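Residue numbers (our numbering), protein chains in the order written: chain U, 123 to 343; chain Y, 123 to 343. Glycine included, C-beta positions come from ideal geometry on N, C-alpha and C. The structure displayed is predicted, hence computed values, not measured ones.
Number of protein chains: 2
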Amino acid sequence: MNLKLSTSEENYIKSIYHLQSVSDIVNTNSLAKELNTKAASVTDMLKKLKLKKLIQYERYYGFKLNDKGTQTALSIIRRHRLWEYFLVSKLGFDWDKVHIIAEELEHVSSMELIKKLDTYLGNPKIDPHGDPIPDVNGRLPVIKQINLFKLPLKKTGIVSSVSNQSPQMLEMLKHYGIRIGSQIKINKAFDFDRSLEIKLSKQPACIISEQVAKNIFVYHD
Amino acid sequence: MNLKLSTSEENYIKSIYHLQSVSDIVNTNSLAKELNTKAASVTDMLKKLKLKKLIQYERYYGFKLNDKGTQTALSIIRRHRLWEYFLVSKLGFDWDKVHIIAEELEHVSSMELIKKLDTYLGNPKIDPHGDPIPDVNGRLPVIKQINLFKLPLKKTGIVSSVSNQSPQMLEMLKHYGIRIGSQIKINKAFDFDRSLEIKLSKQPACIISEQVAKNIFVYHD
DNA sequence: AAATAAATTTAGACAAACCTAAAAATATTT
DNA sequence: AAATATTTTTAGGTTTGTCTAAATTTATTT
Numbered sequence: 123m124n125l126k127l128s129t130s131e132e133n134y135i136k137s138i139y140h141l142q143s144v145s146d147i148v149n150t151n152s153l154a155k156e157l158n159t160k161a162a163s164v165t166d167m168l169k170k171l172k173l174k175k176l177i178q179y180e181r182y183y184g185f186k187l188n189d190k191g192t193q194t195a196l197s198i199i200r201r202h203r204l205w206e207y208f209l210v211s212k213l214g215f216d217w218d219k220v221h222i223i224a225e226e227l228e229h230v231s232s233m234e235l236i237k238k239l240d241t242y243l244g245n246p247k248i249d250p251h252g253d254p255i256p257d258v259n260g261r262l263p264v265i266k267q268i269n270l271f272k273l274p275l276k277k278t279g280i281v282s283s284v285s286n287q288s289p290q291m292l293e294m295l296k297h298y299g300i301r302i303g304s305q306i307k308i309n310k311a312f313d314f315d316r317s318l319e320i321k322l323s324k325q326p327a328c329i330i331s332e333q334v335a336k337n338i339f340v341y342h343d
Numbered sequence: 123m124n125l126k127l128s129t130s131e132e133n134y135i136k137s138i139y140h141l142q143s144v145s146d147i148v149n150t151n152s153l154a155k156e157l158n159t160k161a162a163s164v165t166d167m168l169k170k171l172k173l174k175k176l177i178q179y180e181r182y183y184g185f186k187l188n189d190k191g192t193q194t195a196l197s198i199i200r201r202h203r204l205w206e207y208f209l210v211s212k213l214g215f216d217w218d219k220v221h222i223i224a225e226e227l228e229h230v231s232s233m234e235l236i237k238k239l240d241t242y243l244g245n246p247k248i249d250p251h252g253d254p255i256p257d258v259n260g261r262l263p264v265i266k267q268i269n270l271f272k273l274p275l276k277k278t279g280i281v282s283s284v285s286n287q288s289p290q291m292l293e294m295l296k297h298y299g300i301r302i303g304s305q306i307k308i309n310k311a312f313d314f315d316r317s318l319e320i321k322l323s324k325q326p327a328c329i330i331s332e333q334v335a336k337n338i339f340v341y342h343d
C-alpha cells in the first residue's frame, strides 16, 4: 500500500481535523461542504482513509481521525503554518493573502525542507493568524492567549491573533500598525467608552475603540 | 478550455524544452525516456498540448514548442531556478540536493509568490548550478559563467560567484585566498575524490575538495 | 407505529494520466 | 522494390478522484 498521501487525501485529513476541533458535528455532509465536494465523494474517500488506517469508520455510524490520522493532520498543519509564516515575515505578504498559497506549498513533501525552513524562520511558535504551529513531534505549543482588555496596564504583550478578520478590520489594524507579533502595551484605559491608549514599539501612542480592542488577543508570560 | 496547466502538462512542456535545447532529436521515444513513461502516454499528451496551442504537432511527422509553449517553459524554469536559489542561499541546502524539491515547488502557481520571491532573493541571474534564470518576460540573461568543474584544464577563469555563503564556506575561501574576481586555473583534476589542484595568481598551488569546488563559479571567454 | 424527511451509501459514469498490446506509418536493409 | 526493423499511433483497460441518480439506513414527525 502507498505510504505517501495524495494532495486530495491530505486535504481530507486536514478538513476532518479542522471540523473535529471546531464543532462536535463531523459527518459526511459537513465534510462535503467543507471541501466543496459531494457526499458521495466523501464516502469514497472515507473508505480509502480507513484502508490506510488513518480514520475509524463504520458505515452509517460515523468517523473520526485515529492517532495516526491526527499525527498526519498535525504534520500538514505544521507545514501550512510554517509556509504562512515565511510568506509574511520573509516575502512581505499581507497575512490575509497567504492562505491560498500555503494550501499549495503544504503538500510539498520533503521532510528536510520543512526542517530547514523551520530553522531558518527561527522555530516560530505562532503563525501570522495567531494560530499555534505544531512542533516536529506534532505537539501544539500551549499559548497563554488573553484578550487585550485583560492585559495589565503597562505590561508588554505580543499580539497573537485577531478574531475578526474582515477586510475592514484588517484595514484598521494596518492603519494602526498592529500585526501578529507586534509588541503592545496599554498606557491607559478610559472607563467612559472603554477605549484604550496603546503603545507599540517604534510608534507613537494611539487610542483604539472597545470595538477594535475586544477582537485583539495577546500572549504574555 | 482550462487555462491553468496540470503538473503533468507542465512537466511535458519543460521536458520538450529541455530536449530541444540539448539535442536535435526530439521525438516521441526520447520524450518518453526523459519522462520515465511510455510512448503511448506521450502521444496522448501531445494531442492535448496541441489542443491547448502549446506545440506544433502533426502525427507521425513530429512536434515542437511554439511561442506560447516556449514562454510557458521559460516561466516554469524561472520558478524552478528561483526555488533552487532560495533553497541553497537561504535554507543552506547543498546545490546538488535541491533539484527534486524544486521540481515540486515549481508547480505552485501564484504569480505574486514568484514576484516577491525574486525580489527577496535580490533578482538573481544565475541558479546554484550556474544556469541562467529567465526574467519575468522569459528572457534568459546571457552569462558566460560556469561551474569551476567545467573550466577546461590550464584555462584561466575569474571567480564570479559562490553559491554557498555560509560562514564556514566563507572562512574556507578566505583561507585559500579565493574571492570574487580572483584569477583561477585548474592544474589537475583527481578522479578519485573529484578534488582539484588549483592555482591562483601570486599564490602557490593548492588542492580543494569537491565540496568546495562545486560552489565556485567562474567567468571565462 | 406508519409516514415522511434527512443523511448516507451504492451503482454506474466520466476525465485525467497512465498502461499493454496490436496496428499503422515511416525508415532502413538487403 | 521487397523485406525487415523502428517509430508512432490507436484501441482498449486501469486508477484516482470526482460526479449524478437511485437505493438504503437512520431520524423525525404525525
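Taking C-beta atoms as the reference points, residue 212 (chain U) and residue 341 (chain Y) fail to come closer than 8 Å. Sequence-distant Cβ neighbours of residue 208 (chain Y) in its own chain, meaning closer than 7 Å and more than five residues away, are 239, 243.
Rounded to the nearest angstrom, the gap between the Cα atoms of residue 249 (chain Y) and residue 204 (chain Y) is 7 Å. According to the DSSP assignment, residue 273 (chain U) belongs to no beta strand (DSSP E), since it is labelled neither H nor E. DSSP, reduced to helix, strand and coil, places residue 325 (chain U) outside both helices and strands of the structure shown, so it counts as coil. Contact with chain U is found for residue 226 (chain Y), since one of that chain's Cβ atoms lies less than 8 Å from the residue's Cβ.
With respect to chain U, the C-beta atom of residue 147 (chain Y) has no partner C-beta closer than 8 Å.
Per DSSP, residue 208 (chain U) is one residue of the alpha helix (DSSP H) stretching across 189-211. One finds nothing in chain U with a Cβ atom closer than 7 Å to the Cβ of residue 207 (chain Y); even the nearest lies about 14 Å away. Taken in chain order, the members of the region 227-242 of chain Y whose beta-carbon sits within less than 9 Å of a beta-carbon on chain U are 227, 229, 230, 231, 232, 234, 235, 238, 239, 241, 242.
Just measuring C-alpha positions, the residue of Y:336, Y:337, Y:305 sitting nearest residue 325 (chain Y) is Y:305. Within the region 253-283 of chain U, no residue has its Cβ closer than 9 Å to any Cβ of chain Y.
Contact annotation: residue 284 (chain U) and residue 252 (chain U) have beta-carbon atoms nearer than 8 Å. By the 16-neighbour rule on beta-carbons within 10 angstroms, residue 181 (chain Y) is exposed. Rounded to whole angstroms, the separation of the alpha carbons of residue 233 (chain Y) and residue 303 (chain U) is 27 Å.
Sixteen is the threshold: when 16 or more other Cβ atoms of the shown chains lie within 10 Å of the Cβ of residue 199 (chain Y), as they do, the residue is buried. At a cut-off of 8 Å between beta-carbon atoms, residue 127 (chain U) makes no contact with chain Y. For residue 164 (chain Y), the closest of Y:313, Y:294, Y:133 by C-alpha to C-alpha distance is Y:133.
Contact of residue 215 (chain U) with chain Y is assigned, a C-beta pair being separated by under 8 Å. Distance from residue 153 (chain U) to residue 137 (chain U) at the Cβ level is roughly 6 Å; contact confirmed, criterion being Cβ atoms closer than 8 Å.
Chain Y places no beta carbon closer than 8 Å to that of residue 198 (chain U), leaving this residue out of the contacts. In the three-state reduction of the DSSP assignment, residue 131 (chain U) falls in the helix class. For residue 316 (chain Y), the CB contacts under 6 Å within the same chain, skipping 5 residues up- and downstream, are 332 in chain order. Taking a beta-carbon distance threshold of 8 Å, residue 308 (chain Y) does not count as an interface residue toward chain U. Proximity of chain U to residue 212 (chain Y) at the Cβ level (cut-off 7 Å) is accounted for by 242, in chain order. In terms of CA proximity to residue 142 (chain Y), Y:188 leads the group Y:162, Y:188, Y:289, Y:229.
Cβ atoms of residue 168 (chain Y) and residue 185 (chain Y) come within 8 Å of each other, at about 6 Å.
Using beta-carbon distances, residue 223 (chain Y) counts as an interface residue toward chain U, with a partner under 8 Å.
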